[in-house]
Every structure is written in C-alpha cells, then in structure tokens.
Amino acid sequence: MTHYDLILTGGGMAGLSLAYYLNQKPFRGKKILIIDREPKVKNDRTWAFWQRGEGPFEAIVYRAWDTVWFHGPRGYGPTGSDFSKKLDLGGYRYKLLRGIDFYEFVRTDLAKNSAIEFLYSPILGIESGDDQAVVTTEAGAFSANWVFDSTFRLEAMKPFNGDFSS
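Position in the sequence shown (from 1) plus 131 gives the number in the working numbering.
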C-alpha cells in the first residue's frame, strides 16, 4: 500500500484550495495524494465571496463588484416610498470565480510539485487507525498520516430536529 503524508479526498473547492495553500509553504515537499471520482473538466459551479484587497486567485476572478444594490418591498423606503439603494462596499469587493477556471488554475499550480499526485477513482471508504488513516478506492487502498475528507455523502446528513443540545 502506498503511503502519503496527507491524502485529500474530494477535488472540489475545499480540497483543491487546501492543497493550493499547503503547497505554498507548510507542506511543500510533503507527499500528497488528491483523490476525486473524476477529473473536473467543465464549469459545474461558481463561487462568490467578499474580499478586501487582492488574493491569490485574482487572475481568475470572472466578475467583481465594488457596489451592491439592496431592494425591498414597496412602501418600505423613506417616507413610505419603494426601497432601493446602491451601497459602496467600503474597501471590499464581491468576487466571482467560475469552477472550471479555479480547477485549471490550481491543477496547473500543483502540477509544478512532483510530490503531489492526483487519483481519479470512486472512494469506497476511509478508516482511521492507531497511527495512520486508510482510504480505499476502486483503484486500491492508500494510507496517510492525515486524511482531509471534503467529499459529500448524503447519508452523512441527518434531518435537523430543531434541538441544538444533541
């Protein structure tokens, strides 16, 4: 079984952004495996976020806004008028990334590091052991000191019963 310092399961925004930041300094040179069901080759989603100044993904920002419009129901504005107001974001920008641009940008960056590998295979399970974790896929089993799981599993979600104490 091949052993890694870190395995990231899930190659979406969570897994790839973690890999991108780890590749900058903290884990540079550590052996990392990123596992996802299949390569992301189309624009399957977008992400938008608020940011002050520039960030590492500035080159792939698809759209950005310095102002936003707020609209409310008729009669809720000053003196009973319609409410509609344009607001400056005060140093923040609202930025939008297209998924495909993000995937390609990060994969290109990670490809420069020979210690990072990609595996495209369905994940069958993840198990914690005494001194390592094991990820089992259709392509085989892989061990690591640490596994970060960002995969979505519907069965892991349970309906919220309204009780915060449990």
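The C-beta atom is built at its ideal place from N, Cα and C for all residues, glycine as well.
Keep in mind the model is a prediction, meaning the values are calculated, not measured.
Report the rounded CA-to-CA distance for residue 196 versus residue 258, giving the unit in angstroms. Indexing the sequence shown from 1 puts residue 196 at position 65. Indexing the sequence shown from 1 puts residue 258 at position 127. Each residue's alpha carbon lies about 44 Å from the other.
Mind reading off the beta-carbon distance from residue 141 to residue 268? Whole number of angstroms is fine, and I expect it under 8 Å. One-based indexing of the sequence shown puts residue 141 at position 10. One-based indexing of the sequence shown puts residue 268 at position 137. 12 Å between Cβ atoms; not a contact.
For residue 282, name the three-state secondary structure that DSSP assigns. Start at 1 with the first residue of the sequence shown, and residue 282 comes out as number 151. The answer is coil: DSSP assigns residue 282 none of H, G, I, E or B.
Exposed or buried, which one is residue 172 when buried takes at least 16 other CB atoms within 10 Å? Here the question's residue 172 lines up with position 41 in the sequence shown. Under this definition residue 172 is an exposed residue.
Just the Cα atoms here: how many angstroms apart are residue 136 and residue 189? Along the sequence shown, read from residue 1 onward, the residue named residue 136 stands at position 5. Along the sequence shown, read from residue 1 onward, the residue named residue 189 stands at position 58. Using only the alpha carbons, I get a separation of about 30 Å.
Give me the Cβ distance between residue 143 and residue 246, rounded to the nearest whole Å; I'm assuming they're in contact under 8 Å. Taking the sequence shown and counting its residues from 1, the one referred to as residue 143 is at position 12. Taking the sequence shown and counting its residues from 1, the one referred to as residue 246 is at position 115. Rounded, the Cβ-Cβ distance is 21 Å, inconsistent with contact.
Taking C-alpha atoms, which residue in 132, 138, 151 and 134 lies nearest to residue 236? As a working note, residue 236 is residue 105 in the sequence shown. When each option's Cα is compared against that of residue 236, the closest is 151.
Does residue 182 come within less than 9 Å of chain D when only Cβ atoms are used? Looking for chain D here will not work: only one protein chain is present.
Alpha-carbon spacing of residue 277 relative to residue 256, whole angstroms: Looking up residue 277 in the sequence shown gives position 146. Looking up residue 256 in the sequence shown gives position 125. Near 15 Å, if we compare the C-alpha coordinates of residue 256 and residue 277.
So, is residue 221 buried or exposed, given that buried needs 16 or more other C-beta atoms within 10 angstroms? One-based indexing of the sequence shown puts residue 221 at position 90. The residue is exposed, with fewer than 16 neighbouring Cβ atoms inside 10 Å.
Between which residues of its own chain and residue 218 is the CB-CB distance below 7 Å, once the five residues before and five after are set aside? The residue you call residue 218 lines up with position 87 of the sequence shown. Contacts found: 198, 199 and 201.
From 179, 138, 232 and 262, pick the residue whose C-alpha is nearest to that of residue 164; which is it? For this step, residue 164 is matched to residue 33 along the sequence shown. The shortest Cα separation from residue 164 among 179, 138, 232 and 262 belongs to 138.
Beta-carbon within less than 7 Å of residue 181's beta-carbon, same chain only, minus the 5 sequence neighbours each way: which residues are those? For the purposes of this step, residue 181 is identified with residue 50 of the sequence shown, where counting begins at 1. Once the five neighbours on either side are set aside, the close Cβ partners of residue 181 are 223 and 225.
Only counting the same chain, and skipping five residues up and downstream in sequence, which positions put a Cβ closer than 8 Å to that of residue 231? Counting from one through the sequence shown, the residue named residue 231 turns up at place 100. Closer than 8 Å at Cβ, skipping near neighbours: 171, 172, 173, 174 and 175.
If I measure Cβ to Cβ from residue 272 and keep anything under 6 Å in the same chain, skipping five residues before and after, which residues do I get? Position 141 of the sequence shown holds residue 272. So the list reads 132 and 265, once near-sequence residues are dropped.
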